[in-house]
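Scroll down for the structure; my scribbles are underneath it.
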């Protein structure tokens, strides 16, 4: 296995102050930049920022936040988690991330997906009935943008392009572009067809249940007679000094976040035993540095990963606790994972 990259993801969850009062979106954004600066300083490989258009998440323009982070960091790679391509313009997405790549001296990445929320569709005037078609055509155009200097493309979502150049170009190589997948076999095959790395969003259940998707990806590349592209995993987690402290600190805010989203999707309220089950055997990487490191290493081995990104923010969980989590992840979890994987 190639050396595993270890990163962090956040959706810019609206956090609470010491009194339990939600911070302003503006303050959350400023705190997020400080979190990324810490991650850069202690050697974390990647920071991914998600896109949402709702009150409980502060980030609607990840590339702008990433540009601010680029100006205060020197080595950490910068990307989205994810960019909702279906409700965006592929050319503008490419331009924003090629600009980020220039400002950061080649550190930009983009993870493209359809997103697990749909608020962006009515906001930007798209019909949910076109959900699949929009993503398929826009991804096809984006793939042309990253692989060709002069783009000729035709589809039903916009006027055709003929020998069109898009600026600024990527200075060196190509823009690293992942396809975010939540569990669709069709999406796994699509990533192989476009020869793009696969980012699996595993947010519940035993992570090894995604092994068939890894096998499907390998079979698809074999049929296309291409080398297999990297596979990454995005999963939630939280690190504290001990297992008990990590669970007690995370549980109240995690439940509030999970129940709020669950109420919109018809899920029952989360019970503590479900939380503990996910922590013990599922895709919730919560605990002491030793516990989290062992779990990450086991998942990386089982799925043959090139990247693991821990989604470290969770509802109102305070900025101070998040900062300590990041510090433990970078200074203790990552070295232990690397040692375990040899």
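Residue numbers (the numbering used here): 489 to 830.
Note that the Cβ used here is the ideal one computed from N, Cα and C, for glycine as well.
Inter-segment contact for the stretch 680-689 and the stretch 656-663 is absent: fewer than three beta-carbon pairs are separated by less than 8 Å.
Close CB contacts of residue 751 within its chain, under the 6 Å cut and outside five residues either way in sequence, are absent. A distance below 7 Å between beta-carbons, with the five flanking residues on each side excluded, links residue 587 to the following residues of its chain, in chain order: 656. Linking residue 675 to residue 506 through their CA atoms gives a straight-line distance of about 42 Å. In the structure shown, residue 726 falls within a strand segment according to DSSP collapsed to helix, strand and coil. Along the length of the stretch 714-784, whole alpha helix (DSSP H) runs at least 4 residues long occupy 731-753 and 760-769, reported in chain order. The Cβ atoms of residue 695 and residue 574 lie no closer than 8 Å to each other.
Apart from the 5 residues on each side of it in sequence, residue 532 sits with its Cβ closer than 8 Å to the Cβ of 494, 495, 496, 564, 814, 817, 818 and 822 in its chain, given in chain order. Of the candidates 566, 778, 753 and 767, the residue whose Cα lies closest to the Cα of residue 591 is 566.
Residue state for residue 799 is assigned as strand, using DSSP reduced to three classes. Buried is the label assigned to residue 498, since at least 16 other Cβ atoms lie within 10 Å of its Cβ. Ranking 712, 651 and 654 by CA distance to the CA of residue 677 puts 712 first. Each residue's CA atom was taken as its position, placing residue 537 and residue 517 some 11 Å apart. Our two residues, residue 559 and residue 761, have alpha carbons roughly 43 Å apart in a direct line. Exclusion of the five residues before and after residue 608 leaves 541, 572 and 575 as the residues of its chain whose Cβ lies within less than 6 Å of its Cβ. In the DSSP secondary-structure assignment, residue 497 is bridged to 536 and 799. In the same chain as residue 757, and ignoring 5 residues on each side of it, the C-beta atoms closer than 6 Å to its own belong to 747, in chain order.
Straight through space, the alpha carbons of residue 578 and residue 599 are spaced by roughly 13 Å. The Cβ-Cβ distance between residue 601 and residue 546 does not fall below 8 Å. In this chain, the alpha helix (DSSP H) harbouring residue 829 covers 822-829. Counting along the chain, the unbroken alpha helix (DSSP H) around residue 516 starts and ends at 513-529. Counting only unbroken stretches of 3 or more residues, the beta strand (DSSP E) elements lying wholly within the stretch 633-705 are 639-641, 649-652, 664-669 and 686-689, in sequence order. Under the DSSP definition of a beta bridge, residue 547 lacks any partner. For the set 636, 785, 787 and 802, the Cα lying nearest the Cα of residue 744 is the one of 802.
For residue 616, the three-state secondary structure derived from DSSP is helix. Cβ-Cβ separation between residue 554 and residue 794: approximately 21 Å, too far for a contact (criterion under 8 Å). In this structure, the alpha-carbon of residue 763 lies about 32 Å from that of residue 620. Between residue 716 and the set 699, 738 and 679, the nearest pair of CA atoms involves 679. Ranked by Cα distance from residue 776, the options 753, 734, 799 and 807 are led by 734. Within the DSSP secondary-structure output, residue 624 pairs in no beta bridge. By DSSP's assignment, residue 571 forms a beta bridge with 600.
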